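Report on one structure; see the data block that follows.
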Amino acid sequence: MKTKRSTKIEPYLFILPTIILLILVLGIPLVNVFKFSVGKSNIIQGFLEWNSFENFHYLATPEFLKALGVTAVYVVFGVAGIVVCGTLVAVALNKPMPLRGIFRSIVIIPWIVPQAFAASMWSWVLNSQFGFINQLLMKLNWITEPISFLGDGKALGTVIMVRIWQGTPFMIISLMAALQTIPSDIEEAADLDGASALQRFRFITLPYLKPVLSTTTLIVTAWTIQIFDTVYIMTNGGPAGQTELVALEIYNKAFRDYDLGTACAIALLVLLIVGIIGFLKFKNERQVEE
Amino acid sequence: MKIKTVKKLASCLLVASMTMGLLAGCGSGSDKEAKSEKKDGGSDEKVTISFMRTGTPEILRGIFEPIIAEYEKENPNVTIDMQDLGWADAEKTLQVMASSQTLPDVMYHLPATIFDMADKGLIEDLTPYMDDELKEDMYPALLEAGQYDGKQYVIPCGATTLLLWYNTELFEQAGLDPDNPPATWEEFLAAEKAIDEKTDAAGAAIYAKASGGETSFVFESLFASEINGPTWDGEMYTYDKEENKQAAINTLNFIKDMTQYSQGNVEEFGRFDVRTLLRDGNVGMVLDAVNIENQIQEGLDSGKFKVAQLPAGASGVQTSAVNMGGFFIPTNCEHKEEAWKFLRYLMDTDNQKAHSAYGSIPILQSEAATYDESDNNEAVIIKSVEESVPEGVSPKTNSLWSVTGEQLQLLMMGKQDAETTLKNITAGHEKIYNE
Chain A
1 MKTKRSTKIE PYLFILPTII LLILVLGIPL VNVFKFSVGK SNIIQGFLEW
51 NSFENFHYLA TPEFLKALGV TAVYVVFGVA GIVVCGTLVA VALNKPMPLR
101 GIFRSIVIIP WIVPQAFAAS MWSWVLNSQF GFINQLLMKL NWITEPISFL
151 GDGKALGTVI MVRIWQGTPF MIISLMAALQ TIPSDIEEAA DLDGASALQR
201 FRFITLPYLK PVLSTTTLIV TAWTIQIFDT VYIMTNGGPA GQTELVALEI
251 YNKAFRDYDL GTACAIALLV LLIVGIIGFL KFKNERQVEE
Chain B
1 MKIKTVKKLA SCLLVASMTM GLLAGCGSGS DKEAKSEKKD GGSDEKVTIS
51 FMRTGTPEIL RGIFEPIIAE YEKENPNVTI DMQDLGWADA EKTLQVMASS
101 QTLPDVMYHL PATIFDMADK GLIEDLTPYM DDELKEDMYP ALLEAGQYDG
151 KQYVIPCGAT TLLLWYNTEL FEQAGLDPDN PPATWEEFLA AEKAIDEKTD
201 AAGAAIYAKA SGGETSFVFE SLFASEINGP TWDGEMYTYD KEENKQAAIN
251 TLNFIKDMTQ YSQGNVEEFG RFDVRTLLRD GNVGMVLDAV NIENQIQEGL
301 DSGKFKVAQL PAGASGVQTS AVNMGGFFIP TNCEHKEEAW KFLRYLMDTD
351 NQKAHSAYGS IPILQSEAAT YDESDNNEAV IIKSVEESVP EGVSPKTNSL
401 WSVTGEQLQL LMMGKQDAET TLKNITAGHE KIYNE
């Protein structure tokens, strides 16, 4: 016979493995990040001693604020590019056309290419001396001097472009799934009523895409803030700090300067920013639902 | 009812076993594989020495596996377990291994990281192990480069000086004598100009990609030649000292002048990138390490490329800093004597010579003696080691280099002058010295 107590315990017992797993993979690292951030710490010895929030002072230095500004530009333009390109390609690939299956397969290639490989590939393709793009443009007589894509004043734009190239496939896949849910009769009715393609997109497609779009945008934003490999390999933060992202700062502090405490302080700030973005997104969703 | 209870009980057991499994899977792993075992309970202890040489495993295994096989044959109670570690993950992996006390018994890495670990008590001082024969055989600058705080933590076994590599065909086209390469900074700039003006190639390849170490090494080497002295006094770079300010500015001005006739967009190029430019005849000269040989070997053999010592600064002495990596033994090693015995075996002349083929200047004088004296390139390399000074390395080196690298990049991009560059380097270093 089922007792009241067993009924109470049973659900908790069933979720126990998940809770333990969460504590192990999320809770412990999070507590460690917090612990390391408030003291003198390094990778080898861990937490050494409390240092009165000294690590957080770095967050107010011009050096870090510059990296934060660069990251903001990188994230805003990178995410905007991914959203726009992803939406356009997803809508285009949703239309019946010959070889649609092949095109759908091709567009996800950038997503499955390892970031380190993609970064090396783009570095060579864009190289001003022997890069394919410069050679092509020169042969076509479109330019007379090679363009220094990774040079002064252009490097940030280039790494943003590579981020868009890498991130767009995820957006395409997500949006194409959402596009399948749009009832065809609504589109047909709008067609009969004489709605233009732009009107159909604005008043039918976009409202259907909105929930998926907002969630994927949030995910892509969080991922973009954390991008490290591509920029590290392509520019290593240069030239003259023009592509110095916060993720590179974390790496440099932890592994170059052996200052895990400051690295964790920066990581906590990033966590806070991603948390705020997530909170605002869910708050917005709740308001829409209400 | 009964079936329901049994089902419930079974599912509870399943959940409990999953939980236990999860916890067991995350155990501390205290049953760590024993590194040594007694054979038949006898006295001849069977020992396994783990060995790791950072670098490209496909090449390194080809060098070390025959040496290890020979060693194991001579020492039947010892097994050498060679492990691989690529450069891309080296720094992270090393620090994680150090934190978990799982560093291999004999390992190769770069001195800045080793000295940092030595500061934390993780590296064995090898001074008491070293025999006079090895000490006397090793080039003094290299021996010194492996020391920190008066102790020999690193046994150098892979090193390079900075050398001038040049294209003899472009020299001839520019009206220069390929047998008399530039020996001073003035001659270098003149040759660079001549190549740039009289051939389709740029005068020299310059690398200014943000990475710190590469450009700091160039600055340090040129500065050593400007003052004909050490670049590091054990606590700070000598170019950070007020009395050497003018010499440092002269060096920085020379670096800036070199960019006048170099390939464009220097900030896009790292040291490895410019090797392609030299190999393909796009530039006439490059200041680079000895492992460039791997990229241009064919041209060196045919005489298309040649090597010369680094052009001299005001002192007139063609000296360079020497950059090295080496073997160390961590304090967590359970068989230090056996580990040292193996390390020492690796440092035997023939074994070290085989190791140097991976891309190093000779480490031992006995090794240099086996070089072909009639080969001008080899003679130049040996002379550069003999006249070198140790590169300044400490646990703070990576941070110091990043400051220097950033400032040198701005200088080479033409964004600031030599005076400002030195001022910023000194201020940045000052902060790090005082941390």
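Residue numbers (the UniProt record's numbering), protein chains in the order written: chain A, 1 to 290; chain B, 1 to 435. Glycine included, each C-beta is placed from N, C-alpha and C at the ideal position. Note that the structure is predicted; figures quoted are calculated from it, not measured.
With distances taken from CA atoms, which of the options is nearest residue i?
i         : options                                       : result
Asn282(B) : Asn294(B), Ala205(B) and Gln246(B)            : Ala205(B)
Ser123(A) : Pro66(B), Ala369(B), Asp273(B) and Gln309(B)  : Asp273(B)
Glu243(B) : Arg53(B), Gly86(B) and Thr426(B)              : Thr426(B)
Asp240(B) : Glu45(B), Gly326(B), Asp280(B) and His429(B)  : His429(B)
Asn75(B)  : Ile49(B), Pro57(B), Arg53(B) and Ser100(B)    : Ile49(B)
Gln83(B)  : Gln101(B), Asn434(B), Asp131(B) and Tyr108(B) : Tyr108(B)
Gly69(A)  : Ala247(A), Glu290(A), Asp185(A) and Thr216(A) : Ala247(A)
Asp81(B)  : Arg53(B), Thr420(B) and Ala174(B)             : Arg53(B)
Pro128(B) : Trp165(B), Trp232(B), Ala312(B) and Ile329(B) : Ile329(B)
Gly175(B) : Thr199(B), Val154(B), Thr160(B) and Trp185(B) : Thr199(B)
Pro62(A)  : Lys281(A), Ala254(A) and Glu249(A)            : Glu249(A)
Thr56(B)  : Tyr71(B), Gln409(B) and Trp87(B)              : Trp87(B)
Ser221(B) : Leu300(B), Phe171(B), Lys135(B) and Thr160(B) : Thr160(B)
Val266(B) : Ala98(B), Leu408(B) and Leu162(B)             : Leu408(B)
Pro110(A) : Ser184(A), Leu26(A) and Thr230(A)             : Thr230(A)
Asn434(B) : Tyr371(B), Asp177(B) and Leu400(B)            : Leu400(B)
Can you tell me whether residue i is buried or exposed, with buried defined as 16 or more other CB within 10 angstroms of its CB?
i         : result
Leu143(B) : buried
Gln101(B) : exposed
Asp137(B) : buried
Leu209(A) : buried
Gly27(B)  : Bear in mind that the predicted position of Gly27(B) carries a pLDDT of just 38, short of 50, making it unreliable; the figure below should be weighed with that in mind. So Gly27(B) ends up on the exposed side.
Ala189(A) : exposed
Gly275(A) : exposed
Phe219(B) : buried
Any heavy atom of the ligand MG closer than 8 Å to the beta-carbon of residue i?
i         : result
Lys423(B) : Although the ligand MG was asked about, the structure shown includes no ligands whatsoever.
Using only the alpha-carbon positions, how far apart do residue i and residue j sit?
i         : j         : result
Leu411(B) : Trp340(B) : 45 Å
Glu367(B) : Val106(B) : 22 Å
Pro11(A)  : Ile20(A)  : 15 Å
Thr243(A) : Lys66(A)  : 10 Å
Arg200(A) : Ile133(A) : 38 Å
Ala208(B) : Glu268(B) : 7 Å
Leu23(B)  : Val96(B)  : Only weak support exists for where Leu23(B) lies, its pLDDT of 38 falling under 50; the value from the coordinates is given anyway. Taking the straight line from one Cα to the other gives about 23 Å.
Arg256(A) : Asp89(B)  : 13 Å
Leu260(A) : Glu378(B) : 44 Å
Thr397(B) : Trp232(B) : 11 Å
Leu271(A) : Asn351(B) : 51 Å
Asp288(B) : Leu164(B) : 7 Å
Ile227(B) : Ser315(B) : 6 Å
Gly213(B) : Phe115(B) : 16 Å
Pro111(B) : Tyr58(A)  : 28 Å
Leu343(B) : Lys336(B) : 10 Å
Glu58(B)  : Ile67(B)  : 15 Å
Ile186(A) : Ile204(A) : 8 Å
Lys73(B)  : Phe51(B)  : 17 Å
Pro362(B) : Gly146(B) : 15 Å
Lys135(B) : Asn332(B) : 25 Å
Pro207(A) : Gln180(A) : 13 Å
Taking residue i as part of the beta strand (DSSP E), name the residues at either end of that continuous run.
i              : result
Phe305(B)      : Phe305 to Gln309
Ile49(B)       : Glu45 to Thr54
Leu48(A)       : Gly46 to Trp50
residue 438(B) : The displayed coordinates of chain B run from 1 to 435. Any statement about residue 438(B) would go beyond what the structure contains.
What is the residue span of the alpha helix (DSSP H) that residue i lies within?
i         : result
Val33(A)  : Ile28 to Ser37
Phe115(B) : Pro111 to Asp119
Leu346(B) : Lys336 to Leu346
Trp122(A) : Gln115 to Leu126
Thr224(A) : Leu206 to Ile225
Asn424(B) : Ala418 to Asn434
Gln407(B) : Thr397 to Met412
Asp185(A) : Ser184 to Leu192
Met176(A) : Ala155 to Leu179
Leu287(B) : Leu287(B) -> not in any alpha helix (DSSP H); beta strand (DSSP E) instead, spanning Val283 to Asp288.
Thr230(A) : Asp229 to Met234
Gln295(B) : Glu293 to Ser302
Self-check item: Entirely enclosed alpha helix (DSSP H) segments - the region 156-241 of chain B, minimum 4 residues
Solution: 168-173, 185-198 and 213-227
Quiz item: At what residue ranges does the region 246-279 of chain B contain a whole run of the alpha helix (DSSP H), taking only runs of 4 or more?
Solution: 271-279
Quiz prompt | In chain order, each alpha helix (DSSP H) run of at least 4 residues that lies wholly inside the region 311-394 of chain B | solution = 336-346, 349-356, 365-368 and 376-386
Quiz item: Curious, which full-length alpha helix (DSSP H) runs of at least 4 residues does the region 40-98 of chain A contain?
Solution: 54-57 and 62-94
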